[in-house]
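Residue numbers (this note's numbering): 7 to 185. Before any comments, here is the structure.
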Amino acid sequence: MRMETLPVETAVEWVTAWTGLSWPVSWETAFAIRDRLGWVADPEEARYFTTFLSRNGADGGMSTNESGMFNGIDFPLATTVIRGQKEPDTASVTWAAYESYVEALARLFDKPRTEVRRRGRDDEFRQAKWYLPNNSSFSLGARPGIMAVYVYSPEVTWADLEDQRLTEEYGENWEDFIE
């Protein structure tokens, strides 16, 4: 199955629709942005939606916090190609698009924090993450055949930054030291 990726301009439009918001974000605002981008709400649960990249139903979703408020969103920047259906060029298509998106987003949001795991393997994972002035954050994550953006509320971003701080101070298993 051939992987289709968004043009860079469209990917940037989709990302920037979510990054400059004032938090907390109302469900009304979140649904309005979803609709403006042309994404179609799931008829049974409006938090889930389909983009034109979808091949099999909902391919994006909005998360809630413990109070039921909008807490973030994830959406694809490419069609998803599952194992066993990858073409010989799936990995190269994934990484070329990923690098183009990171470069374009870095021009807008500065250099991201990056991570690469299992480099060169079939299950290689790359992530670029940006921390924004409105205290939210977003990441672009990819594996061969899969690429998605995750936008995080200030609440989730704070927890991520705190986890990084504690990991740096106490090591990877810092949770083991908390009673």
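A virtual CB, placed ideally from N, CA and C, is assigned to each residue, including glycine. Fair warning: this is a prediction, and the values are worked out from it, not measured in the lab.
Problem - 9 Å Cβ cutoff met for residue 141 and residue 164 - result: yes
Problem - Reduced DSSP secondary structure (H/G/I, E/B, other) of residue 99 - result: helix
Handout entry: Host beta strand (DSSP E) of residue 80 (start-end)
Key = 76-82
Handout entry: Per-residue burial, residue 116 [other beta carbons within 10 Å of its own, 16 or more giving buried]
Key = exposed
Exercise for the section: Could you check if residue 151 is buried or exposed, using at least 16 other CB atoms within 10 Å of its CB as the buried criterion? Expected result: buried
Practice task
Identify every residue that forms a DSSP beta bridge with residue 152.
Solution key: 149
Exercise for the section: Give the DSSP bridge partners of residue 104, in chain order. Expected result: In DSSP, residue 104 forms no bridge with anything.
Exercise for the section: Using only alpha-carbon positions, find the residue among 154, 37 and 97 that is nearest to residue 126. Expected result: 97
Exercise for the section: Going by CA-CA distance only, name the one from 95, 145, 94 and 81 that's closest to residue 112. Expected result: 145
Exercise for the section: Run the CB neighbour count on residue 12, radius 10 Å, all protein chains shown included, and call it buried at 16 or more, exposed below. Expected result: buried
Practice task
Return the residue from the list 123, 49, 19 and 15 that minimises the CA-CA distance to residue 149.
Solution key: 123
Problem - Cβ distance (whole Å) where residue 71 is taken to contact residue 174 below 8 Å - result: That belief does not hold up - the Cβ atoms of residue 71 and residue 174 are roughly 26 Å apart, past 8 Å.
Exercise for the section: Within the same chain, show all residues whose beta-carbon is closer than 7 Å to that of residue 218, passing over the 5 residues directly before and after it, in chain order. Expected result: There is simply no residue 218 to check, as the chain begins at 7 and stops at 185 in what is shown.
Handout entry: Buried versus exposed, by CB contacts within 10 Å (16 or more), residue 65
Key = buried
Exercise for the section: Throw me the rounded Cβ distance for the residue 78 and residue 156 pair, which I believe falls under 8 Å. Expected result: 7 Å
Exercise for the section: Out of 30, 176, 19 and 16, point me to the one whose CA is closest to residue 75's CA. Expected result: 30
Practice task
With DSSP collapsed to three states, give me the class of residue 33.
Solution key: helix
Exercise for the section: Report the rounded CA-to-CA distance for residue 28 versus residue 94, giving the unit in angstroms. Expected result: 43 Å
Handout entry: CB contact flag (residue 240, residue 17, <9 Å)
Key = Because the chain here runs from 7 to 185, residue 240 falls outside it and cannot be looked at.
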